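Going by our numbering, the sequence shown wraps up at 278, each residue one higher than the last.
Ideal placement from N, C-alpha and C gives every residue a C-beta, glycine not left out.
Note that the coordinates shown come from a computational prediction; the quantities given were computed from them, not determined experimentally.
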Amino acid sequence: MSEFTEWYGDYGVSFRIKGKVFEGRSEFQRIEIYETERSGKMLVLDGAIQFVEAWERTYHEILVHPAMLAHPNPKNVLIIGGGDGGALREVLRHPIDKATMVEIDRMVIDTVREHVPIDEGAFEDTRTELIIGDGIEHVKSRKNEYDVIIIDSTDPVGPAVSLFSEEFYGYCRDALKDDGIVITQAGGSYFHTKEFLSAYGNMKRAFVSAYGFAFPVIGYSPPWNFVVGLKGDVDFERVRAEDSPDTKYYDAKRHMHMLYMPRYLREEMERA
Ligand code: AG3
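Here is the structure:
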C-alpha cells in the first residue's frame with residue numbers, strides 16, 4: 007500500500023492510495039488522478055490536492071452557496087477556474103439564467119470528466135457557457151454584467167497569484183452589477199496566513215465591504231479560507247435560507263458561525 011502526501015512545510019495532508027489512474031502534463035500544469043483507498047478518486051495539480059471525491063462538497067458547497075444565497079436574486083453567474091465542474095454543479099442548483107465558466111486549462115476539464123465526472127452533467131446544462139481562456143482577460147472585458155463571480159483558482163502562491171490582487175478585484179467589481187458579490191478561495195488559515203490577509207486587504211480596498219471566513223475542507227490543510235467582496239448595499243450576514251438547495255455541510259446557521267474567525271486572524275484583518 008502507498009500513500010500520497012501534500013506537504014505544507016512540515017505538515018502533511020495524506021491519503022492512502024490504491025493506485026494512479028492518470029498522469030499527464032498540460033500546457034499549464036502536471037495533472038494526476040489517484041484512486042484513494044476509501045475516499046474515491048483524487049485530483050492533484052502540480053502536487054496540490056484539488057479535490058477528493060468523497061469530500062469535495064466540504065469545499066464546493068462553501069464556495070458557492072454563501073454568495074448565491076446572500077445575493078437577493080442571482081441570475082447571471084461567472085465562475086473563474088473550477089475546471090472540475092464541482093462549483094458549476096452547485097451554482098446550477100439555483101434558479102439562474104446563465105452560468106459562464108472561464109477555465110484556462112481544457113485538459114483539466116477533459117481529464118476530470120473522463121475519470122471522475124463530479125460535474126454530474128453540469129457542462130451539458132443549457133444554462134452553461136464554457137469559455138477556455140484567461141479569466142483575468144475575460145473579467146477585464148465585461149462591465150456591469152454579473153450578479154455573482156466565483157473564483158475557484160489554485161493557491162494564492164504560485165501561478166494564480168494575480169487572481170488575488172487588488173487590480174484583479176477591481177476588474178471583478180466593474181464586471182459585477184450594482185448589488186454584485188464576488189467570492190474566492192483564499193488558502194489555508196494557518197499555512198497561507200500572509201496570503202489570505204493580503205487577499206482580504208485587496209478585496210477591502212477594491213469593494214465597498216469585504217468578509218473573510220473559514221471552513222474545514224477535507225483534502226486541504228484545514229481550516230480553509232474564503233474572501234468575499236460586496237459591491238453595493240448587500241448584507242452578507244443574512245442569507246435567503248428558505249431558498250437553499252438541499253446541502254450537506256452548508257446552511258444559514260453554519261453561515262453565521264463561519265464568519266467568526268480565530269482571534270489572531272480577526273485582529274490582523276482589521277489592520278489589513
Ligand atoms: N480549488 C483549489 C483549492 C486549492 C487547493 N490547494 C491546495 N491543495 N494546496 C480548485 C479545485 C476545486 N474545484
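For Lys-183, the nearest candidate out of Ile-86, Pro-229, Pro-80 (CA to CA): With distances taken between Cα atoms, Lys-183 lies closest to Pro-80.
- prompt: For His-261, does the count of other Cβ atoms within 10 angstroms reach 16, so buried, or fall short, so exposed?
  reply: So His-261 ends up on the buried side.
query: Near Asp-131, which residues of its chain fall below 6 Å by C-beta distance, leaving aside the five closest residues on each side in sequence?
result: For Asp-131, where only same-chain residues beyond five positions count, the Cβ hits under 6 Å are Leu-98.
field: N-terminal and C-terminal residue of the alpha helix (DSSP H) that Glu-109 is part of
entry: Note, Glu-109: premise wrong, no alpha helix (DSSP H); beta strand (DSSP E) at 104 to 109.
- prompt: What three-state label does DSSP hand Asn-208 in the structure shown?
  reply: Three-state result, Asn-208: helix.
field: Proximity test, Asp-161 beta-carbon vs ligand 1 heavy atom, cut-off 7 Å
entry: Closer than 7 Å to some heavy atom of ligand 1: that describes the Cβ of Asp-161.
message: Given this structure, state the Cα-to-Cα distance separating Glu-201 from Leu-136, to the nearest angstrom.
response: Each residue's alpha carbon lies about 29 Å from the other.
Leu-84 versus Pro-101, Thr-64, Val-108, Glu-96, residue with shortest Cα-Cα distance: The option with the nearest alpha carbon to Leu-84 is Val-108.
query: Tell me which same chain residues have a C-beta within less than 7 Å of the C-beta of Ser-168, skipping the five on either side of it?
result: Excluding five sequence positions before and after Ser-168, the CB atoms of its chain that fall closer than 7 Å to its own CB belong to Ile-142, Phe-174, given in chain order.
- prompt: Of the residues Arg-31, Arg-44, Gly-53, Phe-28, which one's Cα is nearest the Cα of Glu-12?
  reply: Its Cα nearest to that of Glu-12, the residue Gly-53 stands out among Arg-31, Arg-44, Gly-53, Phe-28.
message: Once DSSP output is grouped into helix, strand and coil, what is the label at Val-122?
response: For Val-122, the three-state secondary structure derived from DSSP is coil.
- prompt: So what's Leu-202 in DSSP terms, helix, strand or just coil?
  reply: In the sequence as presented, Leu is not what sits at residue 202; that position holds Phe. DSSP, reduced to helix, strand and coil, places Phe-202 within a helical segment of the structure shown.
field: Residues that DSSP places opposite Trp-230 in a beta bridge
entry: Beta-bridge pairing links Trp-230 to Gly-194, Phe-221.
query: Cβ-heavy atom distance between Phe-303 and ligand 1 below 7 Å?
result: Residue 303 falls outside the range modelled here, since the chain spans only 7 to 278, and no answer is possible.
- prompt: How is Met-267 classed by DSSP in three states: helix, strand or coil?
  reply: Note: Met-267 maps to coil in three-state DSSP.
- request: Return the residue from the list Pro-222, Phe-242, Ser-195, Tyr-226 that minimises the CA-CA distance to Ser-215.
  value: The shortest C-alpha separation from Ser-215 is found at Phe-242.
- prompt: Alpha carbon to alpha carbon, how far is Ser-227 from Lys-237?
  reply: Rounded to the nearest whole angstrom, the CA to CA distance from Ser-227 to Lys-237 is 30 Å.
task: Flag Glu-201 as yes when its Cβ comes closer than 7 Å to any non-hydrogen atom of ligand 1, and as no otherwise.
output: Because no heavy atom of ligand 1 lies under 7 Å away, the Cβ of Glu-201 does not count as near it: no.
- request: List the DSSP bridge partners of Arg-36.
  value: For Arg-36, which the question treats as bridged, DSSP gives the partners Arg-31.
query: Between which two residues does the alpha helix (DSSP H) harbouring Phe-174 extend?
result: For Phe-174, the enclosing alpha helix (DSSP H) starts and ends at 172 to 181.
- prompt: Looking at Gln-191 and ligand 1, is the gap between the Cβ and the nearest heavy atom below 7 Å?
  reply: Because some heavy atom of ligand 1 lies under 7 Å away, the Cβ of Gln-191 counts as near it: yes.
task: Pick out whichever of Phe-10, Gly-193, Ala-60, Ile-37 has its Cα sitting closest to the Cα of Pro-162.
output: Comparing Cα positions, the closest option is Gly-193.
Backbone CA spacing between Trp-230 and Gly-88 [nearest angstrom]: Cα to Cα, the separation comes out at about 16 Å.
Buried versus exposed call for Ser-204 [16 or more other C-beta atoms within 10 Å across all chains shown]: By the C-beta density criterion, Ser-204 is buried, having at least 16 other C-beta atoms within 10 angstroms.
query: In its own chain, which residues sit with a C-beta less than 8 Å from the C-beta of Glu-67, not counting the 5 before and 5 after it?
result: Excluding positions up to five away in sequence, the list reads Glu-96, Thr-253, Lys-254, Tyr-255, Tyr-256.
field: Identity of the residue in Tyr-40, Phe-129, Ala-93, Thr-42 nearest Thr-64 by Cα
entry: If we check each option's Cα against that of Thr-64, Ala-93 comes out closest.
task: Give a yes or no on whether 8 Å exceeds the smallest Cβ distance from Met-113 to chain D.
output: Of the protein chains in the structure, only one exists, and it is not chain D.
message: Quick check on this structure: which residue in Asp-180, Ala-181, Gly-235 has the alpha carbon closest to the alpha carbon of Gln-191?
response: Of Asp-180, Ala-181, Gly-235, the residue nearest in Cα terms is Gly-235.
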